[in-house]
Structures are given as C-alpha cells and as structure tokens.
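Residue numbers (this note's numbering), protein chains in the order written: chain A, 1 to 342; chain B, 1 to 619. The C-beta atom is built at its ideal place from N, Cα and C for all residues, glycine as well.
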C-alpha cells in the first residue's frame, strides 16, 4: 500500500468523477446533485482516499458508483447503520450517506432517527422526490395525501412525513434544505454540511421526471421562486419575495408572512434567523412552512454543536485506557481468580 | 453413588463424581451459591462442569414454579464433561423449587429443604395439594429438613440488618451446609464475601455468619451422618481459571483482533442468551474494543459490516430471532466479500420460543438461511472454554478468506462454565490478512488470491485504492456492476468455491475409538460433553462404538467422507429434528446416516444416550 499523502493536493471536479456510466433517467434531478457534489468535495481540503460514500437501495443509492472515492452500496434502508460502523472504525474518514425518501423514512426510518439521535459525525443526503422510482412509481412516506400512484390508484390516504420533523424529533444538530434546480445553493450546503461536526442532514427536493414530475414545482418553478423560496442565512432577516419586500415575523406563537410597508410593518419586525439556537422550536416552525400560504425555507435551518457519538466514544476510551489495570488479552486471561495445578 | 446418608452412621465416603443442584426463588441467589461452590471445588482440584437453569422472567412472582432458578454442577476426580444427568444432592429453598426440580434429582439421592419455607401458602403457590414433606412425595429420597430461614435469622441477630437483607443471606447458610457435606473450606467464599460487600461491612459479616452457621449446623445434626470426599482429579498441570461460554467467546474475538492489530467492533442488540457477550466486550474498551448497542438487530450487523469495510474486525452477536433479521445483511457481506463474524447463541425456537433454554436448531439458518446462493462459513463451539478457540478461528477465517463466518454456540455453552487451562495468545495460530495488491499499477477489488480465492481487503483511507463495492452482482476482477449472465454464474460458483476451499485450512476430524466400531456416533457443537461421556463409558464396557464431533459445519473437514465410509451405521445426535443429519445425508448420499434427536430445551442425558447406542448396537 502507498503511504498517506501528508498534504492534500488541489483536486478538481474531475478527480471525483468515476469511470462508470451514469444510469439515471434523462432529466433526473440526481444528475445536478452529483455535479454539485463533485464541485463541493475539492473545496474541503480532504484527501480523496478519506471520502466514503455509503448508500442503501433506490435510485439515489446508485450515487456511490459515480464518485471516484471509496463507496459502498449496501441494502435497503440500512445505509446509516453501515455508515455509523465505517465512521466508528475510522473517525478520520469523511463519511457521506445517500438516501431516497423511501430508503430513509420507510424501510430505514429506525436507522435514520438513531443516527441523528447519536449525532455520529456523518453527512446524510436525503433525496426527496416523494415517490418510489426504482420500483417504478409507488407512493412514499413523503407523498402528499391524495397522490395517485400505482399502489394508490384512488389516491394515497396516508399522511406524509416531513423529514425536518423527524430530524428535530431525534435531536438532530444540523438540518438544511436545498433544491436540485439550484446547483450553487446545493454546493454551498454540501460544503457547509461537511464542515458541521455531528450528523448533518441535507434534504434535497429532487425531481423524479418519470413518476412524480414537478412534485416540487410550487417551490422550484421559475415563476414561483420569489414568492415561494425563503433563503435562510444565520444572522440574516427572513426576507423573501421580489426585492425582498416580504418577510417572516413571529406573531404570538406562530410565524406569519408579512409585506414590509403594509400595516406599518418595517424590516425591524422581521425575524432574524438564528441557526445556532439550541432550542429547536423556531427551526421546526421554519422548516414546516410551505406553499401556498408560506414560502419554503431553503438553506441551513439548524446548526448547533453537540458532542458527537464518535467523540464520546473516543473520550470514553481514553479515560478507560488511562485507568486500566490490564493492557492485553493475556493480562485479562490472568485477571480475577486463577489457580495453578502443579 | 452409594447412599451413606441413610444408613445412620457417621462415615466418610469417597466418590468419583457427584452432582449437586441448587434451586430456589430467582431472588434467592442460587446462581451465586452454585458458582461459589464450583469455584471452591475447582481450587480443591476437582474437574467440573456447571449448568445454570433459570427462568426467562427476571423475577417471576415469588414462590411460584415459574420463578425458580436452578444451578447444577458436577464435580469429580475423573474428567467431567457435563453437569451430570441427575442430582445426587438437591437443595430446594422452597416448595416451588422442590416442585420443579425434583425431576432432576436421582431417586435414592438426598434432598435438602428449607423447612421454614414449607408453610401452607407456599405449598399451595407451588401447586402442591398437600405438604410434600408429609404426603410421601419424597419417600424415595433421603430428606434433610433444615430450618434454614430461622437459623439464618438467629445467626444474624444483633447485626444492624433489615429482615430482607437477613433473608437474602440464607443461600450462604445452605452453601455452608454443602461445604461441610463435601469437606470443603469456607475460605474462598469468605474472601469473596469480603470483597463483594467491601462497602457494607454489616452485610459481609452477616453473609459470613450464615455460611459458618450452615457449616456447623450440618456438622451437628444427625440427618447428615456422612461427609463425602471427592478427591482431586488428575488434571493437566498449568494455570486455570473458570470460564463461561459467552465470556470465552468475547475473549477469543478480542484475542484475534489484538493479534492482527485491529480494533474489534461489536454491533449488537440485547437478546437472551447472547447479551453477556455484549456486556463482556463493553468492559474492555481499553483493549481496542468498540461496542455499539444498535437500534435493532439489522443495524447491529450492518454497523459491523461498515466497520469491516473500513478495515476493522466487525462482529455481531445474537440468537435465533436476531439471526433471522440479519439474513439480508449477511448476504451483503457474502456479495461484498468482506470479513464478518456472526455469533449465534442458539436457544429454543421457533419465534421467541424458549429464550433461556438450549437448542441446536439454527444449523439450517446458518448454512442456508439467506436468499439465493449465499454461502457462509459455519463453525460450532463444543465446550464453554473452547468458545475462545472457535471465536478466534471464526475471526481468523473471516479475515483470511474475506467471508462472513457464523459461529454457533448455544444457551448451554453460553451460560455453562468449566475450569480452563487457558493459552497464551501468542500460542494461537497467526492470522494472515488478505491484503490488497495492484496489478500493473491498478487495483481491482475482485482480483483473487489463487489459493484461497479471497479478494484483497482495501481499506478507506488508503490512497490509490479507491473503489466501489455493493450488493449488486460484480463483474469478476473489476468488481464493477455486471448483469452479464455467464459472469453471474461464474461469480456464484466462485463464491461457493471460496467457502469450500476453507476446508484446506481446517483440521481433520479425529475419531475417538479404535476405528473398528460398528457404530459411529456423530455430534456437533454443544452436545460434546454428554456424547463424549456416554461413548467413553460404553467403550470402557467394551462396546464397539466410536465417536466424532464436528466443530466445522461448513465446509466439513476433508476427511469426513473417509471416516464415514468405515462404518455401517452412523447415528447423528442433536438437539433438533435432525438438521445436521439431513445435511450429512445430502453430502454423502447412500450412507446409513440415522438421527437421534431431542427437542426439550434441555441437554442430552448420558443415560439416555447410552441406552440409544446400546439399542443401535443390538442389530
């Protein structure tokens, strides 16, 4: 094996593209996500060999094959568990885990919430297209009620999950949302997520052109951008709309969309986004905003620092090792009650 | 054994071996009492084997049959391989203990009861209609009615202890009686009590007083007219310790990781009777162990697979129901060809079955229990102590051959314990990793070692070896995704051949016997002790019976067929419906392979095995 390079070389996008033919459907949102990722990684100053992409099953889960890094395409829903093992085995690695909405929130829901609860220092990308693509068009746990699919010919009667609610409910420390039609925002957020220490959850509103086309058009369509996208930035007021004339204010216990200049509202009434606030209440309220009454929040909604699972394990080991009275399995075998037959 | 207790004279009787069973409420401390007796006997030089028999419920209602916890130990001056069929001495701390354990006492043996516990309420709770001490239930036994509770109370008078603490010391009174009966020193148990109750001197004093009071009571009363002597066994020289199967499994895995300089990563979800491996490994994080109590069985195995992918030794431990959940992930390890150790501590099934009882019915799921052609190496430990060796071998094979290895133990091995002359880790066989290499400057993830067919293990963090693997079918050599029909067939056959070739690296079977026997007894896994004892006793009686015991289930040792061909009759004994027998019949069609099976959640009795073998020898 070759020695580890001490100084990471300056990578380009090309260094992260694998030689495999990309096999998503033409027009799939995954292409732009892949491109944003290969744009983001060279910015991180991490040696290429230290990147690992892990995935479960689904269209999104093919992602690792297309990255020229270490990659492991595992089984349905279990990506977060595999990624947790990878990170604990070698905490130096930059571990990315790619999931679709079915993989993450249906079959893998348990692993998803527990990765967040433990706050293992990995990055989870949730490609949310509100449909099962690889199995050819069944409703998913994020499909809106009423969605007609192959398995819901009369419309889905179930209520959808909102990823953010699970993230907050599981005490997640990082939640960001982006859209597949905005490569610049995606790249920014991927870099931001990589730098966050703890489980970073990035929800990408992604379009399945075949089975659920325009599912996010209310937010992503050109004509809707101004009124239905709220780009949040830590420390900045929550403004949106043409010329940033609209904003979000807190009215009692609820968020309210207002227009500056109307009913005496000034910019001072607009909430300033604090992504670093430990209390997740406002983050949750922000993350739940959606059309038609509100714009959808995009950007880093929550980013707080808490001890990670890998840090806690390393600290614990250090402490136990310092106080240990035995230092090998041979010591252990001789410990406790032994006797000699002469 | 003769019955000196009934002859009314004070004598000392020397015995080759004796079986003692302690039974009481699960809060009565019977496991502790049994293990103290075992430890003292081991120091005295006896060989021994133990078997705890406890309920699934932590504390079932007091005084009920469901809440009874038992501990059986056989000690001897001869080699002891089992905890014994039937107890020569049964200690029953209450009517429920008597009700559920009398079946394990030998007729003509001794039954010691706490007389104080045989009050109407308890008798009724245990399901007796009349008092068993008076109605003839115990006519075939020598009964010692000892007022254990009240004498313990008297002995502890004056100590600042509440009634509950006093009553908890009565197990020490019973233990004291046993120490007198078997001529044992109280010293080791007193030392143990001092260290256990270091912070509560009153409890230490109370327990020691109860122990001594029991000893002196036994010495005094007329009902115990004799002491038994079990002289030390002629045991191989060396340093010994007690070890249970679960602890040995944990330590064997640690020894393998330490030997190869890797961390041991355990992903595990609590399940009876495997949890003690998780507990044990969780104590040794200073030795490079990482344990993760996962959110479920699937996360447990998947995190272990992730750890192995990242270059450490990934292990998951469970029992039957958990193994069923892990199946898909084990298949991933088969496809991705990465090392993985799966420990299955078998218990009674199906479904939740009998969580605390032993069974050997997971051989089919271990060998076949995954979708499609999904071969894995399967090993089985056969004594509590050799769980160490086979856990080590499981890890060695996994890392050398790049394959999942399933290690089968069972509830009987896991909780049973025996004295163990433990090795130095340097004496364990070396582990030679399947290292990743490049051909002409290129790394191909599925390029294989010509002998073992193992692919190289390239670990994230290593520059120049970046690669992608996964559960989709692989193109040979490159490891790229491939749907090519002939490639698929080739890869299926290669994976099977890789596992078959493990047979080139495992020891041959050894026959116990002259090889001229007419009957070959075959066993595997945790039934070794009973089978070995039964066959040995028959061989001493000049019966033509030989014995082989399997620790390697898949692949089988290479000389299996050659040995089987020498016998006109082969009887496979196992605690299931004949799963291993079926496997052997499919491998060796045309041979006369019979099955003797038992599915009662209990180990084989030596007596029943001897009867079966004698019957087979008749025709």
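CA nearest to the CA of residue i, picked from the options
i, options, result
"residue 266 of chain B", "B:115, B:289 and B:283", "B:289"
"residue 253 of chain A", "A:290, A:247, A:264 and A:285", "A:285"
"residue 180 of chain A", "A:271, A:213, A:106 and A:283", "A:213"
"residue 409 of chain B", "B:507, B:334, B:402 and B:317", "B:317"
"residue 233 of chain B", "B:213, B:471 and B:75", "B:75"
"residue 136 of chain A", "A:174, A:210 and A:154", "A:210"
"residue 240 of chain A", "A:297, A:175 and A:42", "A:297"
"residue 92 of chain B", "B:81, B:77 and B:116", "B:116"
"residue 128 of chain B", "B:65, B:608 and B:339", "B:65"
"residue 124 of chain A", "A:44, A:225, A:80 and A:303", "A:80"
"residue 358 of chain B", "B:536, B:526 and B:544", "B:526"
"residue 149 of chain B", "B:550, B:88, B:211 and B:100", "B:211"
"residue 170 of chain A", "A:205, A:44, A:112 and A:206", "A:112"
Three-state secondary structure (DSSP) of residue i
i, result
"residue 577 of chain B", "coil"
"residue 305 of chain B", "helix"
"residue 245 of chain B", "helix"
"residue 157 of chain B", "coil"
"residue 43 of chain A", "helix"
"residue 227 of chain B", "strand"
"residue 84 of chain A", "helix"
"residue 488 of chain B", "helix"
"residue 2 of chain B", "Confidence in residue 2 of chain B is poor, its pLDDT being 40 and thus under 50, which makes the residue's placement too unreliable to answer from."
"residue 232 of chain B", "coil"
"residue 67 of chain A", "strand"
"residue 443 of chain B", "strand"
"residue 1 of chain A", "In this predicted model, residue 1 of chain A has a pLDDT of only 42, less than 50, meaning its place in the structure is not dependable enough to derive any value."
"residue 615 of chain B", "helix"
"residue 360 of chain B", "coil"
"residue 107 of chain B", "strand"
"residue 258 of chain B", "helix"
"residue 421 of chain B", "strand"
"residue 72 of chain A", "strand"
"residue 229 of chain A", "strand"
"residue 9 of chain B", "At residue 9 of chain B the pLDDT is 45, less than 50, meaning the model places this residue with poor confidence and gives no usable figure here."
"residue 621 of chain B", "Absent from the structure is residue 621 of chain B, since the part of chain B shown begins at 1 and ends at 619."
"residue 563 of chain B", "helix"
"residue 207 of chain A", "coil"
"residue 332 of chain A", "helix"
"residue 397 of chain A", "Since the first and last residues shown for chain A are 1 and 342, residue 397 of chain A lies out of range."
"residue 77 of chain A", "coil"
Residues that residue i bridges to, as DSSP identifies them
i, result
"residue 51 of chain A", "A:94"
"residue 457 of chain B", "B:435"
"residue 388 of chain B", "DSSP, once it has assigned bridges, lists no residue as partnering residue 388 of chain B."
"residue 14 of chain B", "B:229"
"residue 584 of chain B", "Looking at the DSSP assignment, residue 584 of chain B forms no beta bridge with any residue, so it has no partner."
"residue 622 of chain B", "In the structure displayed, chain B extends from 1 to 619; residue 622 of chain B sits before or after that span and is not available."
"residue 216 of chain B", "Answer is none; residue 216 of chain B lacks a bridge partner."
"residue 118 of chain B", "Residue 118 of chain B is not bridged to any residue."
"residue 474 of chain B", "B:481"
"residue 38 of chain B", "Answer by DSSP bridge pairing: none, since residue 38 of chain B is not bridged."
heavy atom of the ligand MN below 7 Å from residue i C-beta
i, result
"residue 196 of chain A", "This structure lacks the ligand MN; in fact it carries no ligand of any kind."
### Query
Mind pulling the alpha helix (DSSP H) runs of 4 or more residues that sit fully within the segment 87-158 of chain A?
109-118
### Query
Whole alpha helix (DSSP H) runs in the segment 161-197 of chain B with 4 or more residues, listed along the chain?
163-168, 170-181 and 187-196
### Against chain B: residues of the segment 57-78 of chain A by CB proximity under 7 Å
64, 65, 68, 69, 70, 71, 72, 73, 74, 75 and 78
#### Entry: Residues within the segment 223-244 of chain B neighbouring chain A, beta-carbon criterion of under 8 Å
Along the segment 223-244 of chain B, going in chain order, the ones with a CB nearer than 8 Å to a CB of chain A are 235, 236, 237, 238, 239, 240, 241 and 242.
### Query
Counting only runs that start and end within the segment 309-345 of chain B, where is the beta strand (DSSP E) found for 3 or more residues in a row?
313-318
### Cβ-based contacts, 9 Å cut-off: residues of the segment 203-220 of chain A near chain B
none
#### Entry: Residues of the segment 92-120 of chain A with Cβ closer than 7 Å to any Cβ of chain B, in chain order
92, 93, 110, 111 and 114
### Members of the segment 304-316 of chain B near chain A, C-beta cut-off 7 Å
304, 305, 306, 307, 309, 310, 311, 312 and 314
### Message
Along the segment 447-473 of chain B, where does the CB come closer than 9 Å to a CB of chain A? Name the residues.
### Response
458, 459, 460, 461, 462, 463, 464, 465, 466, 467, 468, 469, 470, 471 and 472
### Task
Could you list the residues in the segment 254-267 of chain A with a C-beta less than 9 Å from some C-beta on chain B, going in chain order?
none
### Query
Taking a cut of 8 Å between CB atoms, which residues from the segment 20-50 of chain A lie near chain B?
Cβ contacts with chain B come from 20, 47, 48, 49 and 50.
### Message
Could you tell me which whole beta strand (DSSP E) segments of length 3 or greater appear in the segment 259-299 of chain B?
### Response
With a minimum length of 3 residues, the continuous beta strand (DSSP E) runs that stay inside the segment 259-299 of chain B are 264-268 and 289-293.
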